[in-house]
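Q: Chains as they are written, first to last, in the working numbering: chain A, 4 to 474; chain B, 4 to 474; chain C, 4 to 474.
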């Protein structure tokens with residue numbers, strides 16, 4: 004039986020009528036603010052080339068690890084969803100078949116944020132008014148596919164329709180940022196920035212680390228096999244990124260470990276990891292040292308520093324061998340911040356020139372470690388609830404567990420952190436609704452007044468994110 | 004002052020009127036579904052012999068560690084509750100005195116699930132309409148004791164009255180399953196299955212481990228002192244359990260650690276632990292290896308595998324020495340799943356023939372580890388909130404922290420996990436009410452539609468549990 | 004724009020009208036009960052000398068690390084708030100300027116308990132009716148400063164106005180307790196007790212540990228360089244504290260680790276740590292041993308024992324070097340209780356003469372470790388949510404995560420733990436409101452009856468705290 008698709012205007016607001024009324028008032032004042040997306044993984048070529056997206060499956064399913072991980076967990080083969088194999092072996096190529104498989108299993112996403120994001124895209128972007136299911140799969144496919152062929156659904160048109168004030172992508176130091184250059188020189192008004200993500204030249208465990216150093220040498224002309232040359236090459240690339248509009252760096256380390264070694268030891272460590280396979284201990288120590296070096300460079304050049312630690316990458320050997328990285332099997336681990344960040348914070352924690360935004364996948368650290376740290380150190384701010392916790396319950400836990408110790412003003416607004424361009428407004432909308440819901444509860448429990456809640460809602464949506472990311 | 008005992012029809016539903024109305028509608032549609040109890044510790048002799056239960060204290064207090072632990076924590080001696088001593092020394096034998104001591108302290112259970120379960124039994128099973136207290140203790144005792152002497156309160160009659168479709172007990176591989184045979188050949192329609200719980204022949208730290216191996220040899224005729232013979236003996240006993248109706252195994256390890264050693268190393272390890280006292284490291288490694296061996300056998304014979312890790316057993320030396328195992332002093336510990344399960348998952352995680360249901364006593368693992376793992380691996384499902392967390396707040400946290408990443412369909416419905424037969428319907432009723440309450444919130448917050456919530460409520464109550472346990 | 008300051012009578016109660024009505028009824032019955040403050044850090048000289056407080060900044064800002072940490076985290080210099088420097092260097096001395104800086108940044112405290120406490124003080128104690136802000140800063144300063152010069156705002160007058168039945172301060176064993184003697188012999192009726200806090204003579208890592216031992220020798224005339232003499236000196240000081248009214252000890256260790264060494268090993272360990280710098284391992288072992296020795300003494304002399312573990316003290320090297328201890332940069336760490344407390348509990352856990360009250364900064368231990376331990380061991384009780392978690396959300400999590408396993412009666416009511424004397428009633432009021440809110444939810448969800456909730460609310464506010472602390 005086909006069911007209607009409805010985006011209720013009060014969705015995600017608390018049920019209590021009085022609280023809901025306050026939430027609605029707060030939300031009405033921020034819902035139309037421009038989107039500031041300071042951290043994400045959209046493809047800059049979309050905005051440089053402005054080509055039409057290929058088809059519904061390639062746009063909405065095959066690249067979205069939130070989607071195919073759930074289908075895979077319930078027994079579906081990734082090949083049947085068109086996920087490319089490392090060995091180039093055969094996978095499903097008919098996008099309509101892929102779409103149908105997804106549609107028939109859409110009930111699996113009940114209660115997940117993917118469901119909220121997708122429904123928003125279907126209703127708001129494509130005007131669909133029946134619920135996705137096996138029965139409606141073809142109707143959906145036809146409507147979406149037809150729309151994608153029109154100019155109004157090209158990347159730049161959607162960017163404008165979405166009222167995006169600024170969108171930041173993430174690139175490696177080896178990237179030439181040609182797409183960003185194209186965008187900047189195109190005359191198009193859309194503001195698409197890059198962020199400096201140097202993991203592949205900082206992490207000795209990264210695939211091809213030593214090859215990456217050679218590429219870094221080629222790009223910069225520096226002697227990257229010397230410690231000074233290596234650091235200088237990184238400074239060069241940071242400067243190049245700044246020139247192209249970057250205001251931030253991003254670091255995706257397995258832990259939050261930092262180190263602050265004497266120069267001689269750091270140099271010797273670099274020699275070891277740059278000339279041979281690193282031991283696990285050396286690799287960790289080097290990553291930790293490099294976070295402190297990056298902080299030192301941020302103090303010099305002003306780039307805001309983001310740290311995203313705590314994911315055990317590519318947990319399934321089976322999936323990694325067959326499909327490669329980023330295939331929905333990165334699993335969070337317990338993450339220490341108190342001892343891990345101390346070397347960096349001892350050096351720069353009191354330095355107001357540094358702005359270090361820390362994220363976590365380990366929610367136990369919110370009230371125990373991160374809020375107390377952010378409620379003390381001038382250099383430290385807390386990123387929003389991230390990845391698995393970029394969800395209504397995750398956002399609620401973040402505010403409930405962080406606010407009483409760190410306040411609102413040591414947080415930095417929302418990050419969508421996504422490559423799923425179409426759902427960017429849906430994600431920001433969830434954050435706005437959840438923040439307003441949290442604030443509404445504070446108001447009806449007489450913990451803050453409504454005029455204050457309005458100020459905070461605006462700050463969380465717009466002011467804090469622009470300030471924190473220097474946008 | 005004697006107070007009335009009331010089971011309110013809306014108990015456990017959220018206070019908000021709109022949400023409560025939805026919860027009530029969802030609950031009305033599932034409240035009368037048959038009970039599927041796929042994991043528990045009732046005594047099969049009850050159903051084989053169908054003898055009357057002895058008296059209120061022996062039925063409801065002395066064997067229930069939830070009850071006597073609380074009384075003990077407030078200074079009551081276990082002897083005064085009739086808990087038998089290891090040395091056979093004197094303990095209270097008058098059941099009425101034991102009952103009075105419990106009744107006088109019933110206020111200690113305010114806010115605990117034991118209170119909910121007991122009140123349900125008193126009101127629904129025995130028709131009591133005043134609250135238990137010191138004043139009403141004798142009235143209670145008389146009413147319950149008289150009822151237990153009637154045929155309507157024998158185990159089989161209650162089983163039928165409780166609308167139990169299937170009930171699974173738990174036995175060791177050394178059990179001859181005679182009671183299950185008696186039940187099966189008795190002509191009685193009640194479906195009572197067994198589950199294969201091999202800890203005492205897998206865990207070198209288990210009391211009498213090496214004696215248990217000899218018993219295993221006696222039962223199977225295998226040379227259990229050889230690695231192959233030992234594995235074959237386990238296969239034999241699994242086959243025997245399957246013949247008697249088993250569909251699952253259960254493993255109560257101190258951690259979730261797994262290993263996947265080369266055959267030669269596994270064989271040498273077995274030789275060490277089977278011939279002398281195991282070192283702590285060898286014991287842990289062997290338990291880990293055996294989990295992977297059990298998974299391998301499950302792939303062959305189809306038994307669903309349950310893992311219940313993370314309890315520090317018999318924490319109080321005083322209590323263990325005086326009263327033995329399972330006396331209310333098992334304490335949860337932090338439990339890692341990400342690294343611990345990797346060896347097993349690398350081998351079988353992508354194998355759809357395996358069904359591994361994992362439980363936790365460490366709630367921090369819900370959102371950080373277990374939901375991400377279950378939301379990826381086809382072989383992995385999440386058991387419900389367990390033991391200390393088999394409670395309204397525990398269930399709420401489980402759904403709130405698991406659903407957004409793993410969805411509903413990577414969970415397996417409710418386990419009562421109890422030896423307290425009389426309260427089995429009360430426990431399932433709490434789960435149904437809490438699931439419907441959670442779903443009602445999703446509905447009124449417009450995160451799913453009510454027709455979907457009905458489908459999910461049915462699945463959580465009935466469909467998922469039958470599928471997950473192959474019942 | 005100046006906004007009104009309002010303390011809403013329903014503040015902190017749940018929004019749902021039915022639940023709020025129950026909460027209000029429960030609260031009305033306990034709101035005027037006397038304050039029992041069994042653990043805190045007020046200065047006994049206030050009550051001995053009864054001098055007027057100096058000025059608004061010195062009373063409410065400069066000594067309050069909750070306040071200046073937040074301002075510092077947002078870039079304000081501690082010097083500008085008058086926080087004294089270790090080197091005696093210049094800091095702001097004009098209290099009005101300090102007050103203005105705080106007032107201009109009062110929005111930073113939105114959503115924090117500091118905001119609730121301060122607003123209560125402003126409205127209830129000083130009769131202010133406009134919100135604190137940059138605009139109203141001078142008005143506030145003038146009103147508060149004028150009040151402080153009047154007799155009604157001296158410490159003893161406020162103590163009486165606050166309806167404090169008993170207030171406990173915390174002193175080191177080297178303290179002569181002269182102020183307590185003065186209070187006792189003054190004829191004033193106020194009951195101000197002390198608590199025995201021996202960290203500085205138990206912890207080899209404490210600044211001046213060996214000097215402190217010498218002071219202990221001077222005070223007691225014991226040979227504290229022998230193990231027996233040292234223990235006897237501690238017994239002497241405990242007896243002295245008991246004579247001055249103490250009913251409890253308090254222990255602020257970095258972990259909850261305990262040990263129970265054979266006498267010879269303990270003696271040798273003491274010799275090592277008392278005669279030379281202790282290794283980290285020896286220091287930890289000695290602290291652990293001394294907790295067990297303290298428990299043994301408590302069994303003898305009846306002092307209730309409090310354990311406050313899990314804080315990484317003075318995390319910021321910068322701040323510690325410049326401003327010293329207790330400057331808002333103590334950060335919680337993951338804290339184990341299960342293995343850590345076992346040696347002590349194996350010896351005294353079943354001994355009803357011991358009363359050990361345990362606190363945590365690691366909320367993950369509530370449901371996993373502390374509630375199961377307290378729900379078993381007769382000697383163990385749980386202290387309320389502490390420090391960063393002394394807040395509405397922190398209290399709610401405590402009750403939600405502890406009650407189902409430990410019940411209400413293994414908890415001990417509220418501790419304000421504060422040196423901020425003026426806000427003591429505000430802190431107790433938050434606890435009363437949050438406990439009544441939690442109980443109201445249990446009532447409207449029909450988990451307990453309202454008559455029971457009244458009994459529990461009274462116990463949490465008054466009965467349990469008096470019993471637990473033997474007051």
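The C-beta atom is built at its ideal place from N, Cα and C for all residues, glycine as well.
Quick one: Cα of residue 266(C) to Cα of residue 221(C), how far?
A: Against the third chain, residue 266(C) aligns to sequence position 263. Against the third chain, residue 221(C) aligns to sequence position 218. In a straight line, the C-alpha of residue 266(C) is about 25 Å away from that of residue 221(C).
Q: Identify whether residue 464(A) lies in helix, strand or coil by the three-state DSSP scheme.
A: To locate residue 464(A), count along the first chain from 1; it is residue 461. For residue 464(A), the secondary structure class from DSSP, reduced to helix, strand or coil, is helix.
Q: Please state the DSSP three-state secondary structure of residue 307(A).
A: Working through the first chain from its first residue, we reach residue 307(A) at position 304. Residue 307(A) falls in the strand class under three-state DSSP.
Q: Does the structure place the stretch 162 to 173 of chain B close enough to the stretch 181 to 197 of chain B that three or more beta carbon pairs sit under 8 Å?
A: These segments touch.
Q: Taking the C-alpha atoms as reference points, what is the distance between residue 87(A) and residue 326(A)?
A: If you number the first chain from 1, residue 87(A) lands on position 84. If you number the first chain from 1, residue 326(A) lands on position 323. Between residue 87(A) and residue 326(A), the alpha-carbon positions lie close to 6 Å from each other.
Q: Could you check the C-alpha separation between residue 105(C) and residue 144(C) for me, to the nearest Å?
A: As a first step, residue 105(C) is located in the third chain; it is residue number 102 there, counting from the start. As a first step, residue 144(C) is located in the third chain; it is residue number 141 there, counting from the start. When rounded, the distance between both Cα atoms is 11 Å.
Q: Is there contact between the stretch 361 to 380 of chain A and the stretch 56 to 76 of chain C, where contact requires at least three CB pairs shorter than 8 Å?
A: yes
Q: In chain order, what residues of the same chain have a beta carbon less than 8 Å from the beta carbon of residue 321(A), not counting five sequence neighbours either side?
A: As a position in the first chain, residue 321(A) is number 318, starting the count at 1. No residues qualify anywhere along the chain.
Q: Apart from the five residues on each side of it in sequence, which residues of its chain come closer than 8 Å, Cβ to Cβ, to residue 120(A)?
A: As a position in the first chain, residue 120(A) is number 117, starting the count at 1. Excluding positions up to five away in sequence, the list reads 423, 426, 429, 430 and 433.
Q: Tell me whether residue 345(B) is buried or exposed, calling it buried when 16 or more other Cβ atoms sit within 10 Å of its Cβ.
A: Locating residue 345(B) in the second chain gives position 342, counting from the first residue. By the 10 Å Cβ count, residue 345(B) comes out buried.
Q: Contact between the stretch 400 to 413 of chain B and the stretch 24 to 42 of chain B: three or more CB pairs below 8 Å?
A: In short, these stretches do not touch, since the Cβ pair count stays below three.
Q: Between which two residues does the beta strand (DSSP E) harbouring residue 253(C) extend?
A: Along the third chain, read from residue 1 onward, the residue named residue 253(C) stands at position 250. Counting along the chain, the beta strand (DSSP E) containing residue 253(C) begins and ends at 251 to 254.
Q: Can you determine whether any heavy atom of the ligand HEM sits closer than 7 Å to the C-beta of residue 323(B), and answer yes or no?
A: What this structure holds is no ligand at all, so the ligand HEM is not there to describe.
Q: Is residue 107(B) close to chain A, meaning its C-beta is less than 8 Å from at least one C-beta of that chain?
A: The residue you call residue 107(B) lines up with position 104 of the second chain. No - not a single Cβ of chain A is within 8 Å of the one on residue 107(B).
Q: Please specify which runs of the alpha helix (DSSP H), each continuous and at least 4 residues long, are wholly inside the stretch 280 to 305 of chain B, giving them in chain order.
A: 283 to 304
Q: In whole angstroms, what is the alpha-carbon distance linking residue 308(B) and residue 173(B)?
A: To locate residue 308(B), count along the second chain from 1; it is residue 305. To locate residue 173(B), count along the second chain from 1; it is residue 170. Those two C-alpha atoms are separated by around 13 Å.
Q: Hey, could you find the ends of the beta strand (DSSP E) residue 199(A) is sitting in?
A: Mapped onto the first chain, residue 199(A) falls at position 196. Where residue 199(A) is concerned, the enclosing beta strand (DSSP E) stretches over 195 to 199.
Q: How is residue 3(B) classed by DSSP in three states: helix, strand or coil?
A: Because residue 3(B) is not part of the residues shown, which for chain B are 4 to 474, the question remains open.
Q: Suppose you measure from the CA of residue 398(C) to the CA of residue 396(B); what does that come to, to the nearest Å?
A: Here residue 398(C) refers to the residue found at position 395 when the third chain is read from its first residue. Here residue 396(B) refers to the residue found at position 393 when the second chain is read from its first residue. Here the C-alpha atom of residue 398(C) lies approximately 15 Å from the C-alpha atom of residue 396(B).
Q: CB-CB under 6 Å to residue 112(B), same chain, minus the five flanking residues each way: which ones, in chain order?
A: By one-based count along the second chain, residue 112(B) stands at place 109. Excluding sequence neighbours, residue 112(B) sits near 118.
Q: Which residue marks the beginning of the alpha helix (DSSP H) containing residue 218(A), and which one marks its end?
A: Along the first chain, read from residue 1 onward, the residue named residue 218(A) stands at position 215. Its alpha helix (DSSP H) spans residues 212 to 223.
Q: Can you find a CB in chain B that lies within less than 8 Å of the CB of residue 19(A)?
A: Locating residue 19(A) in the first chain gives position 16, where the first residue counts as 1. Look at residue 19(A): its C-beta is under 8 Å from a C-beta on chain B.
Q: Can you list the residues of chain A that residue 77(C) reaches, using a CB-CB cut of under 9 Å?
A: If you number the third chain from 1, residue 77(C) lands on position 74. Neighbours of residue 77(C) on chain A, chain order: 381, 410, 412 and 413.
Q: With 8 Å set as the bound, which would you pick, yes or no: does the beta-carbon of residue 470(C) sit closer than that to a beta-carbon of chain A?
A: As a position in the third chain, residue 470(C) is number 467, starting the count at 1. Residue 470(C) does not count as touching chain A.
Q: Which two residues bound the contiguous beta strand (DSSP E) that contains residue 186(B)?
A: The count along the second chain starts at 1 and reaches residue 186(B) at position 183. No beta strand (DSSP E) holds residue 186(B); the alpha helix (DSSP H) holding it covers 181 to 187.
Q: Can a CB atom of chain A be found closer than 8 Å to the CB of residue 124(B)?
A: Your numbering for residue 124(B) matches position 121 in the second chain. Chain A, which has no Cβ nearer than 8 Å to the Cβ of residue 124(B), makes this no.
Q: CB residue 437(B) to CB residue 170(B), shorter than 8 Å?
A: As a working mapping, residue 437(B) is identified with position 434 in the second chain. As a working mapping, residue 170(B) is identified with position 167 in the second chain. If you check the CB distance, residue 437(B) and residue 170(B) do not come in under 8 Å.
Q: In the DSSP assignment, find the unbroken alpha helix (DSSP H) run with residue 100(A) in it and report its ends.
A: If you number the first chain from 1, residue 100(A) lands on position 97. From DSSP, the alpha helix (DSSP H) with residue 100(A) extends over 98 to 107.
Q: Looking at residue 260(C) and residue 272(C), is the spacing between their C-beta atoms short of 8 Å?
A: Here the question's residue 272(C) lines up with position 269 in the third chain. Here the question's residue 260(C) lines up with position 257 in the third chain. Result no, Cβ atoms of residue 272(C) and residue 260(C) do not sit closer than 8 Å.
Q: As a quick exercise: from 100(B), 70(B) and 91(B), pick the residue whose alpha carbon is nearest that of residue 83(B).
A: Working through the second chain from its first residue, we reach residue 83(B) at position 80. Out of 100(B), 70(B) and 91(B), 100(B) has the C-alpha closest to the C-alpha of residue 83(B).
Q: How many angstroms separate the CA atom of residue 300(C) from the CA atom of residue 89(B)?
A: Position 297 of the third chain, counted from the start, is the residue given in the question as residue 300(C). Position 86 of the second chain, counted from the start, is the residue given in the question as residue 89(B). Cα-Cα distance, rounded: 31 Å.
Q: Using a Cβ-Cβ distance under 8 Å, would residue 26(B) count as near chain A?
A: Here residue 26(B) refers to the residue found at position 23 of the second chain. Answer no: the Cβ-Cβ gap between residue 26(B) and chain A never drops below 8 Å.
Q: Run through chain B and tell me which residues come within less than 7 Å of residue 375(C), C-beta to C-beta.
A: Along the third chain, one-based indexing puts residue 375(C) at 372. Here the neighbours are 334, 335 and 391.
Q: Which residues mark the beginning and the end of the beta strand (DSSP E) in which residue 40(B) is found?
A: As a working mapping, residue 40(B) is identified with position 37 in the second chain. Counting along the chain, the beta strand (DSSP E) containing residue 40(B) begins and ends at 38 to 40.
Q: Just tell me which of 182(A), 310(A), 364(A) and 369(A) has its CA closest to the CA of residue 253(A).
A: Position 250 of the first chain, counting from 1, holds the residue named residue 253(A). Closest option to residue 253(A), Cα to Cα, is 310(A).
Q: Check whether the Cβ atoms of residue 340(A) and residue 373(A) sit closer than 8 Å, and answer yes or no.
A: Position 337 of the first chain holds residue 340(A). Position 370 of the first chain holds residue 373(A). The answer is yes: Cβ separation under 8 Å.
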